[in-house]
Amino acid sequence: MSSLLETKIVARQHALREQGLLRQRKVLSVDHDLNTNASTSSPRFVFEGRAYVNFSSNDYLGLSRVPELAEALHLGAQTYGVGSGASPLVTGYSDAHLALERELCALTGHEAALLFCSGFSANTALMKTLFDQHDIVVADKLVHASIIDGLQDSGAQLKRFLHNSLESAERLLARHQISALITESVFSMDGDCAPIAQLSALCRQHHAWLIVDDAHGFAVLDGYHNAEAAKLIDVQVVTFGKALGCQGAAVLGSQTLIDFLVSNAREYIYSTALSPANAALALAATQYSTAHPELQQKLFENIALFKQLCREANVPLLGSDTAIQPLIIGDARQTLQVAEELRAAGIWVGAIRPPTVPVGSARLRITLTAAHAAEDIATCVAQLAQVLSRVGVPLVTERQATDDHR
Numbered sequence: 004m005s006s007l008l009e010t011k012i013v014a015r016q017h018a019l020r021e022q023g024l025l026r027q028r029k030v031l032s033v034d035h036d037l038n039t040n041a042s043t044s045s046p047r048f049v050f051e052g053r054a055y056v057n058f059s060s061n062d063y064l065g066l067s068r069v070p071e072l073a074e075a076l077h078l079g080a081q082t083y084g085v086g087s088g089a090s091p092l093v094t095g096y097s098d099a100h101l102a103l104e105r106e107l108c109a110l111t112g113h114e115a116a117l118l119f120c121s122g123f124s125a126n127t128a129l130m131k132t133l134f135d136q137h138d139i140v141v142a143d144k145l146v147h148a149s150i151i152d153g154l155q156d157s158g159a160q161l162k163r164f165l166h167n168s169l170e171s172a173e174r175l176l177a178r179h180q181i182s183a184l185i186t187e188s189v190f191s192m193d194g195d196c197a198p199i200a201q202l203s204a205l206c207r208q209h210h211a212w213l214i215v216d217d218a219h220g221f222a223v224l225d226g227y228h229n230a231e232a233a234k235l236i237d238v239q240v241v242t243f244g245k246a247l248g249c250q251g252a253a254v255l256g257s258q259t260l261i262d263f264l265v266s267n268a269r270e271y272i273y274s275t276a277l278s279p280a281n282a283a284l285a286l287a288a289t290q291y292s293t294a295h296p297e298l299q300q301k302l303f304e305n306i307a308l309f310k311q312l313c314r315e316a317n318v319p320l321l322g323s324d325t326a327i328q329p330l331i332i333g334d335a336r337q338t339l340q341v342a343e344e345l346r347a348a349g350i351w352v353g354a355i356r357p358p359t360v361p362v363g364s365a366r367l368r369i370t371l372t373a374a375h376a377a378e379d380i381a382t383c384v385a386q387l388a389q390v391l392s393r394v395g396v397p398l399v400t401e402r403q404a405t406d407d408h409r
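Heads up: the sequence shown begins at 4 in the numbering used here, then just goes up one per residue.
Okay, here's the thing in structure tokens:
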């Protein structure tokens, strides 16, 4: 006889499968022949014996395959061992962590930093520790699930403004006594950028903090991603698993904030610290990205090429100028079908479905990197145009926003 929990699980999984929303892991492996010369080949992997060109990675600068950084990780492991061995407040905080924190502060102008093992844990820890039931917080409608989860755990009252709308944000700031406004630098599903300077001015006017989840912008975007960042942003969350190609995250802000988090953030106090080897790697990746601006230039050249070829092939995109290039299809099942046909042609792209995006806005999430070769970008666009034509999918060319995002 099945238990209540097993019955619930089976029913829910069946419903997700029927709706085309079931999520399953896929075991990928490295094709050593294809990756022999990583500096000149597009990112590839092998799935079930076949090689695919990867257009679904957040490794925007291609740093995860740079030999110098592999050596930095090796050296870090030789120096510190492969793990931290304890939480940061016991014996898990080393000079490798301190060196990385200082480098991040030097790059952004913030006073202090705090390291976490992932961007999700950094965001949830920040939100649930900083805010409580006495706070009113406003956030862009499309902020990441980790921010929403942390705010719900905090007990704070959440007000959401229309995506990237200064007018909507200003109305909420004027109507309520707001503790902070939260947004992202680059939105992970739409690929567009927040108006950081204007939001900062609004926050200063209304005496509210500006908190920016900088996961997809750090080490890629120009503008406030430099020593001037702290003049615009009160709290900046950066991750190492995107443009830096490794693992971990950091909360950057005032010394007062970081001291408060050290004393009160349960995710930080009760978790084993990020390994010193990974901290040393993130430091090396940060320094490498700064020393090689040509990688950023190559990324933007690849983005421009992809968009140009899509225009010529009449493939409608959402209008992003970043590495994240969404193509909204609408129906979840049709989105999966298009992604599967692209895979049949050796092209792997992400099929994004609810609840990650609003119902009716399922999409292909195509991501470009500095490591992509021009010929592979051309092949991707050509195959994409053919599949869309063959499948006959009615494309959604305008964002279909709802209040149920994530």
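Ideal Cβ positions, reconstructed from N, Cα and C, are used throughout, including at glycine.
Values in this document were obtained by computation on a predicted structure and should not be read as measured data.
Inset, instruction - Tell whether a beta-carbon distance below 7 Å holds between S446 and L133. - result: This structure gives no information on residue 446, because the portion of the chain shown stretches from 4 to 409.
Inset, instruction - State the Cα-Cα distance for the pair V223 and T372, rounded to the nearest angstrom. - result: 11 Å
Legend entry - Nearest-angstrom Cβ-Cβ length linking P329 and R366, presumed shorter than 8 Å: 5 Å
Inset, instruction - Could you spell out where the beta strand (DSSP E) holding A142 opens and where it closes? - result: 139 to 143
Legend entry - CB contact flag (A72, A287, <7 Å): Reading the sequence as shown, one finds Leu at residue 72 and not Ala. In contact: L72 and A287 (Cβ atoms closer than 7 Å).
Legend entry - A307: first and last residue of the uninterrupted alpha helix (DSSP H) it sits in: 296 to 315
Inset, instruction - For Q22, I'd like the list of residues in its chain whose CB is within less than 7 Å of its CB, leaving aside the five on either flank, ordered along the chain. - result: A335
Inset, instruction - Take A200 as the anchor and find which of F190, T186, G194 has the nearest alpha-carbon. - result: T186
Legend entry - Which of helix, strand or coil DSSP assigns to K162: strand
Inset, instruction - Taking L110 as the reference, give the member of N61, Q27, Q239, S59 with the closest Cα. - result: Q239
Legend entry - Those residues which DSSP pairs with T242 across a bridge: A252
Inset, instruction - Could you tell me whether the Cβ of L145 comes closer than 7 Å to any Cβ of chain C? - result: No chain C appears in the structure shown, which is made up of a single protein chain.
Inset, instruction - Return the first residue and the last residue of the alpha helix (DSSP H) that Y271 is part of. - result: 269 to 272
Legend entry - Backbone CA spacing between R393 and G220 [nearest angstrom]: 35 Å
Legend entry - Distance cut-off 6 Å: A252 Cβ against heavy atoms of the ligand NAP: Because no ligand of any kind appears in the structure shown, any question about the ligand NAP cannot be addressed here.
Legend entry - Sequence ranges, beta strand (DSSP E) only - wholly within the segment 166 to 221, length at least 3: 183 to 187, 212 to 216
Inset, instruction - Check whether the segment 211 to 219 touches the segment 233 to 247, taking contact to mean three or more Cβ pairs, one atom from each stretch, closer than 8 Å. - result: yes
Inset, instruction - Return the chain-ordered list of same chain residues with a C-beta closer than 8 Å to the C-beta of S59, the five sequence neighbours on each side being excluded. - result: W351, V352, G353, R368, I369, T370
Legend entry - Residue interval of the alpha helix (DSSP H) (run including A411): This structure does not reach residue 411, given that the chain is present from 4 up to 409, and the question cannot be answered.
Inset, instruction - Answer with buried or exposed for D193, where buried requires no fewer than 16 other C-beta atoms within 10 angstroms of its C-beta. - result: buried
Legend entry - Close-in-space but distant-in-sequence residues of the same chain around T39 (CB under 7 Å, 5 per side omitted): Its pLDDT being 49, under 50, T39 is placed unreliably by the model, and the measurement read from it follows with that caveat. Result list for T39: empty, nothing under 7 Å.
Legend entry - Buried or exposed by the 16-neighbour rule on C-beta atoms within 10 Å, applied to A294: exposed
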